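Report on the structure given below.
Number of protein chains: 2
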Amino acid sequence: MIQMQRANHLHLRLYLEKLSTERKAMVQKEKVPDIIVSRLPLYLRTLERLHEAGRQTISSQELGDIVGVSAAQIRKDISQFGEFGKQGMGYSIPYLIEKLRQILKVDRVWDVALIGAGNLGRALVQYQGFVNRGFRIAMVFDNDPQKIGQMLGEFVIQDAARIGELIPQAGIQIAMLVVPAAAAQSVADTLIKAGVRAILNYAPTPINVPPDVRVEHVDPAMPLQHMTYYL
Amino acid sequence: MIQMQRANHLHLRLYLEKLSTERKAMVQKEKVPDIIVSRLPLYLRTLERLHEAGRQTISSQELGDIVGVSAAQIRKDISQFGEFGKQGMGYSIPYLIEKLRQILKVDRVWDVALIGAGNLGRALVQYQGFVNRGFRIAMVFDNDPQKIGQMLGEFVIQDAARIGELIPQAGIQIAMLVVPAAAAQSVADTLIKAGVRAILNYAPTPINVPPDVRVEHVDPAMPLQHMTYYL
DNA sequence: CATTGTGAACGGGTTCACAGCA
DNA sequence: TGCTGTGAACCCGTTCACAATG
């Protein structure tokens with residue numbers, strides 16, 4: 321009898337856990353605050369470095385100390401996506417890395433188009449840091465006749481006029497926009513028409529996009545201007 | 321009599337305004353939330369572009385639409401530092417630019433040291449976007465004997481071992497750290513000992529610094545990983 | 001009359017504190 | 001015992017709404 325109750329209890333618990341996990345997966349996109357999502361890449365990067373150094377487990381306390389947030393916040397953030405820790409021993413680093421990669425969808429490699437073969441664009445093509453983090457530059461565009469047809473690293477620089485043709489062909493969904501401010505909006509429009517759904521905007525101007533397209537801004541001077549306030 | 325009252329009233333108002341402005345300037349560093357400071361460079365950059373395009377005034381509504389925040393937030397943010405607007409007509413763009421530059425202390429040009437002459441470091445030296453925004457790379461360091469003594473743009477690459485000697489000499493307070501993760505902490509320690517008080521950290525690892533030193537992280541892969549969550 | 005500056009209300013992210021579990 | 005997961009309390013940034021004003 322006791323055995324049966326235990327068994328029933330266990331089944332019930334497992335069932336409820338399964339329900340709860342599925343529910344979380346279902347509603348995740350609606351409910352997880354963006355600010356939490358934005359911290360996950362930082363956790364992931366830190367865990368990857370710890371793993372390379374041979375560490376196997378870590379507590380929320382230690383991880384929080386390293387990345388500069390409270391232990392409670394680490395736990396709350398991670399628990400949005402499931403129960404990945406073990407009481408008394410913390411989180412398994414390889415397991416948490418795997419889960420974070422799944423959540424952020426970087427458990428694969430995304431092809432990225434780079435628009436603009438200026439100084440910054442050239443540096444991004446050379447940059448070694450993308451490939452282990454889930455991204456590979458797969459195509460480079462520019463509209464300068466001097467540059468079109470030339471090599472940049474392993475790529476032939478393509479005519480920006482062919483974005484609408486080549487990007488859908490390659491099925492590319494992510495673009496880095498590294499063009500002058502004046503060109504940014506019209507190039508962005510072209511990219512979106514070509515099927516791009518995420519734009520990393522290095523142009524020094526905001527761009528307007530439909531609500532189903534994601535944009536992140538990057539401006540090398542802005543964090544410097546932020547810091548000088550405090551000097 | 322009416323004239324006198326007007327005059328007195330005006331003096332009183334000016335006096336109170338002066339008091340209030342001074343008080344704001346005094347307590348500003350304690351009270352303004354960092355998240356507000358982080359939006360100011362975005363406002364400034366946007367206003368500078370509008371000014372180049374010949375615009376003279378703008379309302380909080382329109383500025384908010386452009387940068388993607390509410391009009392109320394624009395007004396609250398700006399009013400932390402004084403009363404720069406005019407009821408009925410909005411903000412004078414040149415005046416607001418001047419004030420924001422003062423607040424962010426980019427109404428001057430800061431010398432910046434760049435540590436690490438790899439791909440990314442090289443691109444930052446070439447980058448044209450710093451100089452109009454208040455920053456000038458003034459010195460480049462690396463610890464690779466192959467690179468030391470070579471030219472990078474207009475600079476001779478200096479031996480990183482001489483940071484402690486050359487940076488205080490030049491009075492440099494800002495550094496961009498573009499070195500491998502393994503070297504980041506020790507180089508940061510050296511920089512801080514040399515008098516650096518703000519570090520823009522391109523190394524893919526957090527660094528520990530004393531509370532009077534500012535650090536901002538930049539990682540080209542992190543915003544991409546943030547966006548893929550939503551794809 | 002359009003638009004700012006701001007006190008008050010609101011909302012949601014963070015911290016707290018502890019039950020639950022290995 | 002050590003540490004996670006989480007409801008509740010708290011805190012702080014955002015929005016609201018309107019008096020003030022050129």
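Residue numbers (our numbering), protein chains in the order written: chain L, 321 to 551; chain B, 321 to 551.
Just so you know, even glycine gets a beta-carbon here, dropped at the ideal spot from N, CA and C.
Please read these numbers as outputs of a predicted model, since none were measured by experiment.
Lys513/B sits exposed, since fewer than 16 C-beta atoms from the chains shown fall within 10 Å of its C-beta. With respect to Ile519/B, Val533/B sits close: the two C-beta atoms are nearer than 8 Å. Leaving aside the five residues that flank Glu536/L on each side, the residues in its chain whose CB is nearer than 6 Å to its CB run, in chain order, Leu520. The CB of Arg517/L comes closer than 9 Å to the CB of Met547, Tyr550, Leu551 in chain B, given here in chain order. With contacts defined as CB atoms closer than 8 Å, Gly473/L and Val429/L fail to qualify as a contacting pair.
Short of 7 Å from the beta carbon of His371/B, and not among the five residues preceding or following it, lie these beta carbons of its own chain, in chain order: Ile413, Pro414, Ile417. At the C-beta level, Gly441/B and Ala541/L stay beyond 8 Å of one another. For Ser379/B, no beta strand (DSSP E) segment is defined, and its DSSP state is neither H nor E. When the five nearest sequence neighbours on each side are left out, the beta carbons in the same chain lying within less than 6 Å of the beta carbon of Gly410/L are those of Thr377, Ile378, Ser379, in order along the chain. Beta-bridge partners of Phe475/L (DSSP): Leu472/L. A straight-line Cα-Cα distance of about 47 Å links Lys467/B and Pro531/L. By the 16-neighbour rule on beta-carbons within 10 angstroms, Arg375/L is exposed. The CB of Leu362/L comes closer than 9 Å to the CB of Pro526, His537, Asp539, Met542 in chain B, given here in chain order. Beta-bridge pairing by DSSP links Asn521/B to Leu497/B, His537/B.
Here Ile477/L has Ala437, Val460, Asp462, Lys467, Ile468, Gln470 as same chain residues with Cβ atoms under 6 Å from its own Cβ, once five neighbours each way along the sequence are excluded.
For Leu434/L, the enclosing beta strand (DSSP E) has its first and last residue at 430-435. For Asn463/L, there are no neighbours in chain B by C-beta distance under 7 Å, as the nearest C-beta there is about 18 Å away. Classified as buried, Val432/B has 16 or more neighbouring CB atoms from the shown chains inside 10 Å of its CB. Out of Ile492/B, Gly454/B, Ile487/B, the CA that lies nearest to the CA of His546/L is found in Gly454/B. In the structure shown, Arg442/L falls within a helical segment according to DSSP collapsed to helix, strand and coil. Taking the C-beta atoms as reference points, Gly384/L is found nearer than 8 Å to Gln393/L.
Contacts between Lys425/L and chain B, judged by CB atoms closer than 8 Å, involve Thr548, Tyr549, Leu551 in chain order.
Separation of Ala480/B and Ala443/L (C-alpha to C-alpha, rounded to the nearest whole angstrom) is 22 Å. Where Val357/L is concerned, the enclosing alpha helix (DSSP H) starts and stops at 354-372.
In terms of beta-carbon proximity, Ile355/B stays away from the interface with chain L, with every pair separated by 8 Å or more. When DSSP states are grouped into helix, strand and coil, Lys406/L belongs to the strand group. At least one C-beta of chain L is nearer than 8 Å to the C-beta of Gly454/B. Counted as a single uninterrupted DSSP element, the beta strand (DSSP E) harbouring Ile457/L occupies residues 455-462. Judged by beta-carbon spacing, Ala501/L lies within the 8 Å limit of Arg369/B, meaning their Cβ atoms are closer than that value.
Counted as a single uninterrupted DSSP element, the alpha helix (DSSP H) harbouring Gln393/B occupies residues 391-399. DSSP, reduced to helix, strand and coil, places Tyr550/B outside both helices and strands of the structure shown, so it counts as coil. By the Cβ neighbour-count rule, Val357/L is buried, with 16 or more other Cβ atoms within 10 Å of its own. In this structure, DSSP gives Tyr411/B an extended state, which the three-state scheme calls strand. Cβ-Cβ separation between Ile457/B and Leu497/B: approximately 13 Å, too far for a contact (criterion under 8 Å). When secondary structure is reduced to three states using DSSP, Arg421/B falls in the helix class. Secondary structure of Gln545/B (DSSP, three-state): helix.
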